[in-house]
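Numbering-wise (the working numbering), the first sequence opens with residue -12 and increments by one.
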Amino acid sequence: MAKEVRTRFAPSPTGDLHVGNIRTALFDWAYARHTGGKLIFRIEDTDRERVTDEYIQRAVDTMKWLGLRWDEGPEVGGPYGPYLQSERLEIYTHWANEFLKSGFAYNCYCTTEELEARREEQREKNLPPGYDGRCRELSVDEINAFQGAGRKPVIRMRMPEGETRFTDLIRGEVVFEHKFVPDFVLMRADGSPLYTLAVAVDDVLMKVTHILRGEDLLSSTPRQIRVYQAMGVAAADYPEFAHLPFVMGSDNTKLSKRNGEVSIAWYREEGFLPEAICNYLALLGWSPGDDRENISMTELVELFTVERVNSSPARFDMKKLEAINGDKIRALPLADFLERSIPFLKSAGVISGTPSEIELVKKALPIIQERIVKLTEVVPMLAFLFREDVVFEGEGESKISDEASQSVLKRAIEVLEQIDEWRHEGIDGALRGALIEEMGLKPRVAFSAVRIAITGSHISPPLFESMELLGKERSLKRLRKAIR
RNA sequence: GGCCCCGUCGUCUAGUGGCCUAGGACUCUGGCUUCUCAAGCCAGCUACGAGGGUUCGAAUCCCUUCGGGGCUGCCA
């Protein structure tokens, strides 16, 4: 029987999870689900200068919001925990010491300043950069001298002669000659572990079988493999690697605030649907091989394979995300649409959440569903229904103060007052009869004045439905108020 | 500089030697429809980075070149 697939998503929460992180998480998740395996969620917080508890919590929340459930990790635990690296420090210390004993690693007493100076020299002489191995074979006297001088050593991994060769699931065979892979630090002088140590130790201990991660980590792979070797892992048991291409900004530089928003929390606040984000991101760097653009999480799980992931970087396109978001909103069942819209209306102060307000929102949503692209847009679309008086947008009020508009409004009031059953069909008929047929106006001109008087804007949901929802009294009140 | 990765419309992609005078989607432009805005429908623009090979035949294979990116930390 084939080994159960175990993937892991292991962010270092030095900020909010961003688009690139989530795309990685999505693929890790999809692959685990596709194979019936497990997704491990591990927090890489070895850099305590930069990682904060708040960001860790927000990462957990973001994953949940997106619907990317993990099988082992924060909140759910698991057999190979803890899943926060800051809680696993003794494990790393143990292994670093083992490597020291077995000779895979050695104590290095070089100071930061010395290393910096030597790097500078290497640059000038155009030599390959990296640690020169100075402390590899220190004598007892030299060690005593350093210790006597109060120097605290880092633990450094010894890279042997030769090369590391591995097959990346996305890129094929990759070879790194060790002369370009300098000895690297495992433990800081203060005894805290570095990513290079922790990541490899944890992947082995947590029995990870597939590492899907960003391509920035491609060149650190030989170092990780060296740690596996030092831990005594057989080559056949190394995890498989798949280095995902980057997600770039619109200007083809690293994704940042300037060229496309990065933080997933921002997308949430902006009214993007998690399923739209996942749909968009799934198709960024991967494709099912056919023409489908609309893909559900279920289909993603069904179709996802690492082999179909592209090897070239992708540009992030907000317009396309918005298009997909609009599609997903249009496809929402009313109850679902309602539930997701309410928080936006509440936080904007449009409604407080009373049953009658909710009832009105529910009636109004169908007429705006195909007009919005983001959930935040329900606020400007629907606000007019909940305000006592109309609030004119821009130069709206002046646009209906001219003589022609005024006569339209006066006539509209006259015919509307006669309506007993206040429904959009009747409103439509009355207005059309009076303004179009009787007064001979063009519909777009005639209804524009009424629209502005009712909603405050020349852009609004369909006019007659809007008036029906507003009610006869309030509609007439607004029309009368618009008369000079 | 060195090492590594990458290179099809503006963007995401399909394409694994003939089905490609390169398909789809988003964007953009024009039109239809229409009470505004949308949605919908129709049409259009635009791509195999370049140069050499291999082959009857190349987006697909090989080489060179150019371009982009990553790494080169007691960050991850």
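Cβ coordinates follow ideal geometry from the N, Cα and C atoms, glycine included.
(message) On the criterion of 16 or more Cβ atoms from any shown chain inside 10 Å, does V63 qualify as buried, or is it exposed?
(response) Counted from its first residue, the first sequence places residue 63 at position 76. It counts as exposed.
(request) Taking N94 as part of the beta strand (DSSP E), name the residues at either end of that continuous run. (result) Within the first sequence, numbered from 1, the residue matching residue 94 stands at position 107. Note, N94: beta strand (DSSP E), A92 to C95.
(message) DSSP has G60 in a bridge; who is on the other side?
(response) Within the first sequence, numbered from 1, the residue matching residue 60 stands at position 73. The bridge partners DSSP lists for G60 are G64.
(request) Return the chain-ordered list of same chain residues with a C-beta closer than 8 Å to the C-beta of D458, the five sequence neighbours on each side being excluded. (result) To locate residue 458, count along the first sequence from 1; it is residue 471. According to the sequence shown, residue 458 is Gly rather than Asp. Beyond the five residues adjoining it in sequence on each side, G458 comes within less than 8 Å, by CB distance, of W409 in the same chain, given in chain order.
(request) Could you tell me which uninterrupted alpha helix (DSSP H) segments, each at least 4 residues in length, are contained entirely in the segment 210 to 291, listed from first to last along the chain? (result) The segment 210 to 291 contains these whole alpha helix (DSSP H) runs: 251 to 256, 261 to 269 and 284 to 290.
(message) Please classify P448 as buried or exposed, where buried requires at least 16 neighbouring CB atoms within 10 angstroms.
(response) Residue mapping note: residue 448 aligns to position 461 of the first sequence, counting from 1. Its Cβ being crowded by 16 or more others within 10 Å, P448 is buried.
(message) Tell me whether the segment 392 to 399 and the segment 435 to 442 touch, counting them as touching only if at least three CB pairs, one residue from each stretch, are closer than 8 Å.
(response) Note that the segment 392 to 399 touches the segment 435 to 442; at least 3 beta-carbon pairs, one per stretch, sit closer than 8 Å.
(request) May I have the straight-line CA-CA distance separating E425 from G276, to the nearest angstrom? (result) Position 438 of the first sequence holds residue 425. Position 289 of the first sequence holds residue 276. Answer to the nearest angstrom: the Cα atoms are 59 Å apart.
(request) Using the Cα positions of E256 and T363, report the straight-line distance between them to the nearest angstrom. (result) In the first sequence, counting from the first residue as 1, residue 256 sits at position 269. In the first sequence, counting from the first residue as 1, residue 363 sits at position 376. E256 and T363: Cα-Cα distance of roughly 8 Å.
(request) Might you give, ordered along the chain, the residues of its own chain that have their beta carbon closer than 8 Å to the beta carbon of R327, omitting 5 neighbours on each side? (result) Here residue 327 refers to the residue found at position 340 of the first sequence. Result list for R327: L260, L319 and L362, in chain order.
(request) Taking the CB atoms as reference points, tell me whether T33 and A185 lie closer together than 9 Å. (result) Numbered from its first residue, the first sequence carries residue 33 at position 46. Numbered from its first residue, the first sequence carries residue 185 at position 198. Yes.
(message) Using only the alpha-carbon positions, how far apart do G149 and L26 sit?
(response) Against the first sequence, residue 149 aligns to sequence position 162. Against the first sequence, residue 26 aligns to sequence position 39. Taking the straight line from one Cα to the other gives about 34 Å.
(request) Could you check what DSSP says for D155 in three-state terms: helix, strand or coil? (result) Along the first sequence, read from residue 1 onward, the residue named residue 155 stands at position 168. Here DSSP, grouped into helix, strand and coil, assigns D155 to strand.
(request) Check F379 in the structure and name its three-state DSSP category. (result) The residue labelled residue 379 in the question sits at position 392 within the first sequence. Residue state for F379 is assigned as coil, using DSSP reduced to three classes.
(request) Let me know the secondary structure DSSP gives V168 once reduced to three states. (result) Within the first sequence, the letter at position 181 stands for residue 168. Collapsing the DSSP output to three states places V168 in coil.
(request) Decide if K329 is buried, meaning its Cβ has at least 16 other Cβ atoms within 10 Å, or exposed. (result) For this step, residue 329 is matched to residue 342 along the first sequence. Lys is not the amino acid found at residue 329; the sequence shown has Ile there. By the neighbour-count rule (16 or more Cβ atoms within 10 Å), I329 is buried.
(message) Taking only three categories from DSSP, how would you classify V360?
(response) For the purposes of this step, residue 360 is identified with residue 373 of the first sequence, where counting begins at 1. Here V360 sits in coil by DSSP.
(request) Evaluate contact between the segment 290 to 297 and the segment 331 to 345, counting only Cβ atoms and requiring at least three cross-stretch pairs below 8 Å. (result) Under the Cβ criterion (8 Å, minimum of three pairs), the segment 290 to 297 does not count as touching the segment 331 to 345.
(request) Between the Cα of T151 and those of R158, G236, E164 and R145, spot the shortest distance and give me the residue it belongs to. (result) Locating residue 151 in the first sequence gives position 164, counting from the first residue. Nearest in C-alpha terms to T151, of all of R158, G236, E164 and R145, is E164.
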